[in-house]
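Counting the sequence shown from 1 gives a position; this note's numbering is that position plus 602. Structure, as structure tokens:
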Amino acid sequence: MAVYLDGSTQYLSGGPTVPSIATHWSCSVWVYSTNFSSDAIITGVSNSGGLGLGVPDSATLQAVFYTVNAYTSDALSLSAATWNHFLFTKNGSTLSYKVNNVSKGSDTVASFVAAASGGLYVGARNSGGTADKFLPGRIAELAFWDSDVSGSSGT
């Protein structure tokens, strides 16, 4: 089932935070965006020590380790009004990106552990308890694992 988000005020919050992301983790999500040029966040946990996964424009995916660094995928060509599957994986110091099961690059990342506070926001960033950077469109089948699932379908 997909969750519809209007891109200006709607998002989901609460629930568990992401698993410990010190060493290995994965995040899989289906996104149908009506506008990939809006610096939208797919999911975010507190910008003061958390993790944000997003689509800042139609050309890249981004993983932001707040207070550490932002990492960006290889160039993409995303079309709005189409379902796309995104898979972010971290295995040791390697962060990898896949779009529709096609590799879109990797980065060497700094050591990082997410803050336990802040709560998970879906379709927006949790900026100190205030939502911003809303995703316009739909999100379906968001999943986190405390392992690298890139060798499987991750869907």
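Where is the CB? At the ideal position from N, CA and C, for every residue including glycine.
* C-alpha gap between residue 718 and residue 680, whole angstroms -> Locating residue 718 in the sequence shown gives position 116, counting from the first residue. Locating residue 680 in the sequence shown gives position 78, counting from the first residue. Confidence at residue 718 is low in this model, with a pLDDT of 47, below 50, so the placement of that residue should be treated as unreliable; the coordinate-derived value is given next. Across the structure, residue 718 and residue 680 are spaced so that their CA atoms are roughly 32 Å apart.
* To do: Can you tell me which of 690, 646, 677 puts its alpha carbon nearest to the alpha carbon of residue 753?
  => If you number the sequence shown from 1, residue 753 lands on position 151. The residue with the shortest Cα to Cα distance from residue 753 is 690.
* To do: Let me know the secondary structure DSSP gives residue 609 once reduced to three states.
  => Position 7 of the sequence shown, counted from the start, is the residue given in the question as residue 609. Looking at residue 609 - three-state DSSP - the assignment turns out to be coil, as it is neither helix nor strand.
* **Distance, residue 657 Cα to residue 737 Cα** => As a working note, residue 737 is residue 135 in the sequence shown. As a working note, residue 657 is residue 55 in the sequence shown. Rounded to the nearest angstrom, the two C-alpha atoms are 9 Å apart.
* Asked: Where does residue 735 fall in DSSP's three states?
  -> By one-based count along the sequence shown, residue 735 stands at place 133. Under the three-state reduction of DSSP, residue 735 is assigned to coil, being neither helix nor strand.
* Asked: For the beta strand (DSSP E) that residue 689 lies in, which residues bound it at each end?
  -> Translated into the one-based positions of the sequence shown, residue 689 becomes position 87. From DSSP, the beta strand (DSSP E) with residue 689 extends over 685 to 693.
* **Where residue 729 sits in the DSSP three-state scheme** => Taking the first residue of the sequence shown as 1, we reach residue 729 at position 127. It is a strand residue.
* To do: Indicate whether residue 688 and residue 644 have their beta-carbon atoms separated by less than 8 Å.
  => The residue given as residue 688 occupies position 86 in the sequence shown. The residue given as residue 644 occupies position 42 in the sequence shown. Against a cut-off of 8 Å, the Cβ pair of residue 644 and residue 688 comes out as a contact.
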